[in-house]
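Worksheet: one structure, shown below.
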Amino acid sequence: MIGAVPVLCGGRPLAGSGRLQAMPSRPTRMVAASAAKGPFFVGGNWKANSTTSSVKQLVEELNQGSIPDSVEVVVAPPFVYLDQVQSSLGRPYQLSAQNCWRGKNGAFTGEITADMLADKGINWVILGHSERRALMGEEDSVVGAKVAYALSKGLKVIACIGETLEERESGRMFDVLGAQMRAIADAVGDWEPVVVAYEPVWAIGTGKVASPEQAQEVHAWLRDWLNNKVGEDTAASIRIIYGGSVSDANAGQLAQQPDVDGFLVGGASLKGPAFVKICGAHAAVAGASA
Numbered sequence: 001m002i003g004a005v006p007v008l009c010g011g012r013p014l015a016g017s018g019r020l021q022a023m024p025s026r027p028t029r030m031v032a033a034s035a036a037k038g039p040f041f042v043g044g045n046w047k048a049n050s051t052t053s054s055v056k057q058l059v060e061e062l063n064q065g066s067i068p069d070s071v072e073v074v075v076a077p078p079f080v081y082l083d084q085v086q087s088s089l090g091r092p093y094q095l096s097a098q099n100c101w102r103g104k105n106g107a108f109t110g111e112i113t114a115d116m117l118a119d120k121g122i123n124w125v126i127l128g129h130s131e132r133r134a135l136m137g138e139e140d141s142v143v144g145a146k147v148a149y150a151l152s153k154g155l156k157v158i159a160c161i162g163e164t165l166e167e168r169e170s171g172r173m174f175d176v177l178g179a180q181m182r183a184i185a186d187a188v189g190d191w192e193p194v195v196v197a198y199e200p201v202w203a204i205g206t207g208k209v210a211s212p213e214q215a216q217e218v219h220a221w222l223r224d225w226l227n228n229k230v231g232e233d234t235a236a237s238i239r240i241i242y243g244g245s246v247s248d249a250n251a252g253q254l255a256q257q258p259d260v261d262g263f264l265v266g267g268a269s270l271k272g273p274a275f276v277k278i279c280g281a282h283a284a285v286a287g288a289s290a
């Protein structure tokens, strides 16, 4: 298990410490639908991977898979393969971009705008991913601006947040997550088209995974933050998904947590059968519990 923060099923920081005080947790789900409003959500972030031939093979594998009706699935290929995937990937899969510019079309060499994505019929976009925050220097204010503009163009947003291992172990985890959430919340008027993705940076692509209890701890804190800062209805309805080395081996345990409303999957989304299995993980857990 990673990190020194005590693990509870849910909570908020005690004043002057990194500990959490207990807070009520929602009951374990017994159906495949998310405990939040809307279906269980699974996103596949292909990152800067793929070739024309590998995309063709992956799409074939995904089309051959069976996705439960109660699960919403979105995949995010690299920009240059969006057209190829759009023309060949069947329902129920939806498409997402991995990023977009913070404003309208213009003299921004190399950028892709929300206007362009909307024009091409790409309905989702991932914003604030930790790799862009760390490698491209995207600060909270930039992420907030991107979220605001994407929403203004009718896109749906997967808004990413997460802490580094140093931030977790130093007791600053909730301060960092709170600042990231504040920048996003200030940009959002209607939360219905927004999914929040919690991705602990130390678990992305490392093979290290937050334990189910650690994931639930932070998801419950985020829902409590939304309840206090945004409103009870938003906190109850929004889907908060987990990302960080999610695989077909651990998805079932993570899906059992009452505040985990889905996944954002990285490396495993490049393996068709594994990704399909992840998409069905929660329905399988719910069926076994029925």
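The sequence shown finishes on residue 290 if you use the UniProt record's numbering, and the numbering steps up by one all the way, no holes.
Every residue, glycine too, gets a C-beta built ideally from N, C-alpha and C.
This one's a predicted model, so the numbers in the text were calculated from it and none came from an experiment.
Have a look at the DSSP bridge pairing and note the partners of residue i.
i, result
"E72", "F41"
"V230", "Per DSSP, none; premise fails for V230."
"residue 314", "Residue coverage of the chain in this structure runs from 1 to 290, which leaves residue 314 outside it and unanswerable."
"G144", "Bridge partners of G144: none, in fact."
By how many angstroms is the C-alpha of residue j removed from the C-alpha of residue i?
i, j, result
"G223", "G144", "A small fix is needed here, since residue 223 is Arg in this sequence, not Gly. In a straight line, the C-alpha of R223 is about 19 angstroms away from that of G144."
"Q256", "T109", "44 angstroms"
"A281", "G106", "43 angstroms"
"L226", "I126", "20 angstroms"
"F275", "A268", "6 angstroms"
"I278", "P92", "15 angstroms"
"V74", "F174", "28 angstroms"
"L264", "S96", "12 angstroms"
"G243", "I161", "10 angstroms"
"K156", "V194", "6 angstroms"
"P284", "S211", "Per the sequence presented here, residue 284 reads as Ala, with Pro not at that position. For A284 and S211, the distance between alpha carbons rounds to 20 angstroms."
"R12", "R172", "Residue placement at R12 is poorly supported in this model, since its pLDDT is 39, which falls under 50; the coordinates still yield a value, given next. Whole-angstrom Cα-Cα distance: 13 angstroms."
"Q64", "Q57", "11 angstroms"
"T234", "W221", "14 angstroms"
"E138", "N99", "11 angstroms"
"V31", "I122", "For V31, the predicted structure reports a pLDDT of 38, less than 50, and the residue's modelled location is therefore unreliable. A value from the coordinates is still provided. Distance between the alpha carbons of V31 and I122: 30 angstroms."
"E232", "D259", "15 angstroms"
"K229", "D186", "10 angstroms"
"G128", "I238", "17 angstroms"
"Q216", "E61", "31 angstroms"
"A76", "S170", "33 angstroms"
"D115", "A197", "23 angstroms"
"I240", "L254", "12 angstroms"
Please state whether DSSP places residue i in a helix, a strand or coil.
i, result
"F108", "coil"
"L264", "strand"
"R239", "strand"
"R102", "coil"
"K56", "helix"
"G252", "helix"
"V246", "coil"
"A259", "For the sequence presented, residue 259 should be read as Asp rather than Ala. The answer is coil: DSSP assigns D259 none of H, G, I, E or B."
"K47", "coil"
"H129", "coil"
"residue 296", "As displayed, the chain neither begins before 1 nor continues past 290, which places residue 296 out of reach and without an answer."
"S66", "coil"
"E213", "helix"
"G90", "coil"
"K277", "helix"
"G272", "helix"
"M136", "coil"
So which of the options has the shortest CA-CA distance to residue i?
i, options, result
"L177", "L155, S130 and T206", "S130"
"E199", "G90, Q86, G266 and A118", "G266"
"R168", "Q86, A284, G43 and Q214", "Q214"
"V246", "Q94, P39 and G44", "G44"
"T206", "V71, L165 and V188", "L165"
"S70", "L82, Y81, N99 and F40", "F40"
"L82", "V196, S50, M181 and A179", "S50"
"H219", "Q84, W191, G262 and K104", "G262"
"A118", "G154, Q180, S66 and P273", "G154"
"V55", "A185, P68 and V80", "V80"
"Q180", "E192, A150 and V142", "V142"
"S88", "A249, S53, K146 and G103", "S53"
"L135", "Q253, V201 and P78", "V201"
"E67", "A236, A48, D115 and V42", "Reading off the sequence, residue 67 comes out as Ile, not Glu. Ranking the options by Cα distance to I67, first place goes to V42."
TODO: Counting only runs of 4+ residues fully inside the stretch 161 to 211, write out the alpha helix (DSSP H) ranges in chain order.
DONE: For secondary structure counted as the alpha helix (DSSP H) over 4 or more consecutive residues, the stretch 161 to 211 holds these complete runs in sequence order: 165 to 169 and 173 to 185.
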